[in-house]
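As structure tokens, the structure follows; a few thoughts come after it.
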Amino acid sequence: MRTARGRAAPPQAPARLDLRFGASPDQVRAALAEARAFLAAAGMPDAACGTAEIVLAEVLNNVAEHGYDMRGEGEVRLALTLGGTRLAADITDRGKALPGLCPPPGRRPALGGRAADLPEGGFGWFLIHTLTEALHYRRADGRNHLHLEIDLGAQDGCPEQA
46 MRTARGRAAP
56 PQAPARLDLR
66 FGASPDQVRA
76 ALAEARAFLA
86 AAGMPDAACG
96 TAEIVLAEVL
106 NNVAEHGYDM
116 RGEGEVRLAL
126 TLGGTRLAAD
136 ITDRGKALPG
146 LCPPPGRRPA
156 LGGRAADLPE
166 GGFGWFLIHT
176 LTEALHYRRA
186 DGRNHLHLEI
196 DLGAQDGCPE
206 QA
């Protein structure tokens, strides 16, 4: 980018949002609303905000439901970094570890069956894997650390059909 006098403009620093909240459905919803407002304020189009919200909702609801057994106890940390159109999210909690110490593969479930018959780690993890460019998990010092990245620049219209 160039300024009016032709000099190169300094690159913008990535925008950051750091949240700490309890692992309850209400607090997860409030955190998702803050994350969406952060992205909208940074000028992200509505489709990009929606994509990020879907991924973050799946992850954070999994933390509350499976990591903390819906007790509403325990703290979750969500750190978002937006650099251009690339969103990096780091989610940290002290809930239960992911089974096998890795994210479920997230296979596309067969449609037409009963919701009760869907496999654990099914459609939610399928969405997470499909919509992210990077996904890394580790367990250290009694904490879960999940890092993911989303290219929000690819979210300017309807997603491609698989």
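To convert, count from 1 in the sequence shown and add 45; that's my numbering.
A virtual CB, placed ideally from N, CA and C, is assigned to each residue, including glycine.
### Query
Among the residues of its own chain, which have a CB less than 7 angstroms from the CB of Leu191, if the five just before and after it don't count?
So the list reads Val104, Ile136, Tyr182, once near-sequence residues are dropped.
### Task
Report the rounded CA-to-CA distance for Glu178 versus Ala199, giving the unit in angstroms.
Between the alpha carbons of Glu178 and Ala199 lies a gap of roughly 11 angstroms.
#### Entry: Met46 in three-state terms, based on DSSP
Because Met46 carries a pLDDT of 43, less than 50, the predicted location of this residue cannot be relied on, and no value is offered for it.
### Query
How would you label Thr175, buried or exposed, when you count the other beta carbons within 10 angstroms and need 16 or more for buried?
Exposed, because fewer than 16 other Cβ atoms sit within 10 Å of the Cβ of Thr175.
### Query
Using DSSP with H/G/I as helix, E/B as strand and the rest coil, what is Arg116?
DSSP places Arg116 in the coil class of the three-state scheme, outside both helix and strand.
### Simplified DSSP state of Glu194, which is helix, strand or coil
In this structure, Glu194 counts as strand in the three-state DSSP scheme.
### Query
For Pro70, which residues of its own chain have a beta-carbon under 7 angstroms away from its beta-carbon, when the five flanking residues on both sides are left out?
Listed in chain order, the non-local C-beta contacts of Pro70 below 7 angstroms within the same chain comprise Ala109, local neighbours out to five positions each way being set aside.
### Task
May I have the straight-line CA-CA distance separating Asp63 from Trp170, to the nearest angstrom?
Those two C-alpha atoms are separated by around 24 angstroms.
### Query
With respect to the alpha helix (DSSP H) encompassing Leu64, which residues constitute its N-terminal and C-terminal limits?
No alpha helix (DSSP H) holds Leu64; the beta strand (DSSP E) holding it covers 60–67.
### Query
My guess is that Ala87 and Ile195 are in contact by the Cβ rule of under 8 angstroms, so how many angstroms apart are they, rounded?
Rounded, the Cβ-Cβ distance is 13 angstroms, inconsistent with contact.
#### Entry: Terminal residues of the alpha helix (DSSP H) in which Ala93 lies
Here the alpha helix (DSSP H) through Ala93 covers 91–107.
#### Entry: DSSP-derived helix/strand/coil call for Ala87
DSSP places Ala87 in the coil class of the three-state scheme, outside both helix and strand.
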